[in-house]
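**Q**
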């Protein structure tokens, strides 16, 4: 991963900083399997440098951005670069403090405390990835305040106070426009360094597709990149909802085409059918038809 | 031998669309067509002058892409100037079709390296051109222009790699001149088109319109002809339910003698009251109750005015006059038109409905605090614990309920004055979308329309809070008469007393231009009577909005009207204003206001 960062021309000081951090906080063997092995690389020198610098300074990160900006990819990439075990917490509307810190349970005839992901992360000095942090109610998030600020401690009522390991960092991801999201309150936001994630650009997408599908014809790789950008523009103009703006879906569609499904059907499955409203599906199909002929198949798209 | 052919595709010039199209928005198919244009050019602010629709009314993907690409490669001005050169000419349609053929070739060649899929789309378009020949009726063939058809055939045969049709040397020359290569700049393409038209069609650069025929009719013919042809709308104090005289529509008008603004005698009042009752339906309140309300509300600027609350139900005890019968029929026809318009564009409306419901539900889910409800288990509720020994009621605990009720009601008050004649169908559809989505989210909603006539301000409840599946009644909306906004707001306040929650949100659809034929009576301060319009009307409405807000009602407005009235709207409604440009944005704008309300209510 560090080789990739060198390729990305990340500043030498930062790379040295990462190396020092890794030497200072080696991961114990029993937690090695928690270090993520991300499937994709994050592309974007500025965002890489900003996030590495913030984490080296001991800050927690909040990655804010719309759909398909690579928030989770970056979070996983960072955990891998810093070689830290990670705990993923997917936030939802009914999230409460107990699901973050831990709760009482009955073990061997005794009431004991079963630690939650945030507790474990703090204890082991891991990277806590708080996915879609703005989905939870602010009351539930208040429990994180002491963990995230200078106090760096978790005080569990009725149990011990746990000091947060100096290696531990928390990375929140959030999307303002998503269904089910709310404004994050000021108290919590102030405990993060916030990075506004830019939308993936044509070059980044082209590299991503090139890496993921090396045998994809260059001509059509460009068309898939443009297709995604066309959908992005339509979504920004509020003509379609963000359901169809699905990078994962497009990659899935390409995999389906490689397996022998025609482009029309594969893109329907990966992109169009994610919008359940027939009118919107019509608009999405038009965007696709203006870039990718429906009858296109594996033999014309892939060289292998 | 072929009958006179012409363009296969029907080109709908957006600037020639009926004026109500501008106001009420695009149909579902046109919306899809314009999206195809935007996809190709990538500029979502571009308002295309043309849209390509097939003869069956479906959008033509390839030609809409071409329209978008012309904007992308040649900009906005150049094509506008080109088409303006022959606008209004007797042969405009021929010039338009041929010019598009030239532009098509140029932009196709320019764009192809960047968009290989264009080749397949062009082939499909060419095949469809010849396939549709067998589906055309004799009448459609008659409408075609032979020259345009021959040149188009030649182009699409070339695209399909087939043998060219037999062309005269003159047609061949024109066809070749219009095959502008992609290497040409926009100016060169425009020059080539003009040169080709000059050489082969003798177009001298100026439009030659047909001389319009003007006839003058006397008193005997005018009433008959105004019924037959579209005419200009004149607002009067006689009720007329009809359509605007927009281009391409069969308008209707009712002539009136004069505006009635003088004080009326008692006999006149009874006559007017009967007239209003016959036109709008019986009153919701008994005469005594209504008189009390009038005593409360018809004061100050509204002295001498009357109120009429109705659900549009006819009065059983009133004899039905021919006049009233005709008005009811007209209202029914309008309701039918409203429903038909909704069905026609149901795809688009259904999509808007789903999206709005999802947004509101999401907003509620996020921002509502759980309610504590009485239950058989949970935290003990000390205030209810006595019920267990005394009444045997074991629901003495409190349980938090995530599915809480919204705690507020929404009143949508639609301006039903004649200024909305041109977009009644869209208003009805938008009102329906809003009411249906709110009802689906469990938010109580009432939809009413208001207008004024002969000194009566009529508030017609189209859909009331309690009515299950009452949303369809919103299609009974029609526009007529004047609008005395200040008094309508006082009436809305009266109705709010019957709402099933403590907190209220009142959303008005307004043009911020209060205007009533009934004058403001002289007062001690102002000894002369004044018209209820302009600045006076605005100030009065603003006062009423402030009065409602003092009572704790949240008042917001969706504004659609002339730009000159925006400052008036701001003066009346302040920050709680959502201006819209087209009527099809009404439900989305009102939806945003409701979401703000939900957020603020949850603190």
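Protein chains in written order, with the numbering used here: chain H, 14 to 317; chain G, 49 to 651. Using N, Cα and C, we set each Cβ at its ideal position, and we do this for glycine too. Here the structure is a predicted model, which is why all the values come from computation and not from measurement.
In the DSSP assignment, find the unbroken beta strand (DSSP E) run with residue 148 (chain H) in it and report its ends.
**A** Here residue 148 (chain H) refers to the residue found at position 135 of the first chain. Residue 148 (chain H) -> no beta strand (DSSP E), and no H or E assigned at all.
**Q** Any beta carbon from chain G within less than 9 Å of residue 231 (chain H)'s own beta carbon?
**A** On the first chain, position 218 is the one that residue 231 (chain H) refers to. Cβ-Cβ to chain G under 9 Å: no for residue 231 (chain H).
**Q** Under the rule that 16 or more other beta-carbon atoms within 10 Å means buried, what is residue 159 (chain G), buried or exposed?
**A** The residue you call residue 159 (chain G) lines up with position 111 of the second chain. Per the 10 Å Cβ criterion, buried.
**Q** With H, G and I counted as helix, E and B as strand and the rest as coil, what does DSSP make of residue 33 (chain H)?
**A** Working through the first chain from its first residue, we reach residue 33 (chain H) at position 20. Of the three classes helix, strand and coil, the one that applies to residue 33 (chain H) here is helix, per DSSP.
**Q** Between residue 110 (chain H) and chain G, is there a C-beta pair that is closer than 9 Å?
**A** Counted from its first residue, the first chain places residue 110 (chain H) at position 97. It does not; no Cβ of chain G falls within 9 Å.
**Q** List the DSSP bridge partners of residue 354 (chain G).
**A** The residue labelled residue 354 (chain G) in the question sits at position 306 within the second chain. In the DSSP output, where bridge partners are listed per residue, residue 354 (chain G) has G:504.
**Q** For the segment 276–308 of chain H, enumerate the residues whose C-beta is nearer than 7 Å to any C-beta of chain G, in chain order.
**A** Cβ contacts with chain G: 290, 291, 292, 293, 295, 296, 299, 300, 302, 303, 304, 305, 306.
**Q** Measure the beta-carbon distance from residue 165 (chain G) to residue 236 (chain H) and round it to whole angstroms, keeping in mind my assumption that it falls under 8 Å.
**A** Locating residue 165 (chain G) in the second chain gives position 117, counting from the first residue. Locating residue 236 (chain H) in the first chain gives position 223, counting from the first residue. Right, the Cβ-Cβ distance comes to about 7 Å (below 8 Å), so this counts as a contact.
**Q** For the beta strand (DSSP E) that residue 525 (chain G) lies in, which residues bound it at each end?
**A** On the second chain, residue 525 (chain G) is found 477 positions in, with the first residue counted as 1. Element bounds for residue 525 (chain G): n/a, residue is neither H nor E.
**Q** In the segment 75–100 of chain G, which residues sit with their C-beta less than 8 Å from some C-beta in chain H, listed in chain order?
**A** Per Cβ criterion, the list reads 76, 80, 83, 84, 86, 87, 88, 90, 92.
**Q** Who are the near neighbours of residue 100 (chain H) in its chain, counting only those whose CB is closer than 8 Å to its CB and skipping five residues on each side?
**A** As a first step, residue 100 (chain H) is located in the first chain; it is residue number 87 there, counting from the start. Correct list, in chain order: 47, 130, 131, 133, 134, 139, 140, 141, 142.
**Q** Looking only at DSSP bridge pairs, what is residue 144 (chain G) linked to?
**A** Here residue 144 (chain G) is taken as the residue at index 96 of the second chain, counted from 1. Looking at the DSSP assignment, residue 144 (chain G) forms no beta bridge with any residue, so it has no partner.
**Q** Ignore the nearest five residues each way along the sequence and tell me which others in residue 350 (chain G)'s own chain have a CB closer than 6 Å to its CB.
**A** On the second chain, residue 350 (chain G) is found 302 positions in, with the first residue counted as 1. These residues qualify, in order along the chain: 535.
**Q** Check each residue of the segment 99–123 of chain H: if its Cβ is closer than 8 Å to any Cβ of chain G, include it; give the result in chain order.
**A** Listed in sequence order: 106, 107.
**Q** Can you name the start and end residues of the beta strand (DSSP E) that residue 460 (chain G) belongs to?
**A** Your numbering for residue 460 (chain G) matches position 412 in the second chain. Its beta strand (DSSP E) spans residues 456–463.
**Q** For the candidate residues H:297, H:220, H:215, H:222, whose alpha-carbon lies nearest to that of residue 254 (chain H)?
**A** Within the first chain, residue 254 (chain H) is the residue found at index 241, counting from 1. It is H:297 whose Cα lies nearest to the Cα of residue 254 (chain H).
**Q** Does the CB of residue 243 (chain H) have a neighbour CB from chain G at under 9 Å?
**A** For this step, residue 243 (chain H) is matched to residue 230 along the first chain. Yes, residue 243 (chain H) counts as interfacial toward chain G.
**Q** Using the Cβ count rule (16 or more neighbours within 10 Å means buried), how would you classify residue 95 (chain H)?
**A** Position 82 of the first chain, counted from the first residue, corresponds to residue 95 (chain H). Buried: at least 16 other Cβ atoms inside 10 Å.
**Q** Mind checking if residue 492 (chain G) is an interface residue toward chain H, Cβ cutoff 9 Å exclusive?
**A** The residue you call residue 492 (chain G) lines up with position 444 of the second chain. So no, residue 492 (chain G) is outside the interface.
**Q** Identify which residue in G:478, G:193, G:323 has its Cα closest to the Cα of residue 398 (chain G).
**A** The residue given as residue 398 (chain G) occupies position 350 in the second chain. Among G:478, G:193, G:323, the Cα nearest to that of residue 398 (chain G) belongs to G:478.
**Q** With a threshold of 9 Å between beta carbons, is residue 249 (chain H) in contact with chain G?
**A** Translated into positions along the first chain, residue 249 (chain H) becomes position 236. Taking Cβ atoms only, chain G reaches closer than 9 Å to residue 249 (chain H), which makes this a yes.
**Q** Does the beta carbon of residue 654 (chain G) come closer than 9 Å to any beta carbon on chain H?
**A** No statement about residue 654 (chain G) is possible, as the shown extent of chain G runs from 49 to 651 and does not include it.
**Q** The alpha helix (DSSP H) with residue 472 (chain G) in it runs from where to where?
**A** Position 424 of the second chain, counting from 1, holds the residue named residue 472 (chain G). Note, residue 472 (chain G): alpha helix (DSSP H), 472–488.
**Q** Does any residue of chain G bring its CB to less than 9 Å from the CB of residue 9 (chain H)?
**A** No answer is possible for residue 9 (chain H): it lies beyond the span of chain H, which begins at 14 and ends at 317.
**Q** In chain H, what lies closer than 8 Å to residue 113 (chain G) by C-beta?
**A** Position 65 of the second chain, counted from the first residue, corresponds to residue 113 (chain G). Going along chain H in sequence order, the residues near residue 113 (chain G) (Cβ under 8 Å) are 303.
**Q** Within 9 Å (strictly less), CB to CB, does residue 637 (chain G) reach chain H?
**A** In the second chain, residue 637 (chain G) corresponds to position 589, counting from 1. No, because no Cβ of chain H sits closer than 9 Å to the Cβ of residue 637 (chain G).
**Q** What are the boundary residues of the beta strand (DSSP E) that includes residue 97 (chain G)?
**A** If you number the second chain from 1, residue 97 (chain G) lands on position 49. That residue, residue 97 (chain G), is in no beta strand (DSSP E); it is neither H nor E in DSSP.
**Q** Let me make sure I understand the geometry here. Which of G:437, G:488, G:636, G:563 has the alpha-carbon closest to that of residue 466 (chain G)?
**A** Here residue 466 (chain G) refers to the residue found at position 418 of the second chain. Among G:437, G:488, G:636, G:563, the Cα nearest to that of residue 466 (chain G) belongs to G:563.
**Q** Could you spell out the range, first to last residue, of the beta strand (DSSP E) harbouring residue 434 (chain G)?
**A** Mapped onto the second chain, residue 434 (chain G) falls at position 386. Careful: residue 434 (chain G) lies outside any beta strand (DSSP E) and carries neither H nor E.
**Q** Let's see if you can read the secondary structure: which residues bound the beta strand (DSSP E) around residue 134 (chain G)?
**A** On the second chain, position 86 is the one that residue 134 (chain G) refers to. Where residue 134 (chain G) is concerned, there is no enclosing beta strand (DSSP E), given that its DSSP letter is neither H nor E.
**Q** Since residue 403 (chain G) meets chain H, which of its residues come closer than 7 Å, beta carbon to beta carbon?
**A** In the second chain, counting from the first residue as 1, residue 403 (chain G) sits at position 355. Those within 7 Å of residue 403 (chain G) in chain H are 254.
**Q** Is any beta-carbon of chain H found at less than 9 Å from that of residue 488 (chain G)?
**A** Within the second chain, the letter at position 440 stands for residue 488 (chain G). False, the Cβ-Cβ gap to chain H never drops below 9 Å.
**Q** Going by the CB atoms, is the gap between residue 180 (chain H) and residue 37 (chain H) shorter than 9 Å?
**A** Within the first chain, the letter at position 24 stands for residue 37 (chain H). Within the first chain, the letter at position 167 stands for residue 180 (chain H). Contact: yes.
**Q** Just by C-beta distance, which residues in the segment 141–167 of chain G are closer than 9 Å to chain H?
**A** So the close ones are 162, 163, 164, 165, 166, 167.
**Q** Where does residue 489 (chain G) land, buried or exposed, given buried means 16+ other C-beta within 10 angstroms?
**A** Locating residue 489 (chain G) in the second chain gives position 441, where the first residue counts as 1. Buried, since its Cβ has 16 or more Cβ neighbours within 10 Å.
**Q** State yes or no: is the beta carbon of residue 246 (chain H) nearer than 9 Å to at least one beta carbon in chain G?
**A** Here residue 246 (chain H) refers to the residue found at position 233 of the first chain. Answer yes: the Cβ-Cβ gap between residue 246 (chain H) and chain G drops below 9 Å somewhere.
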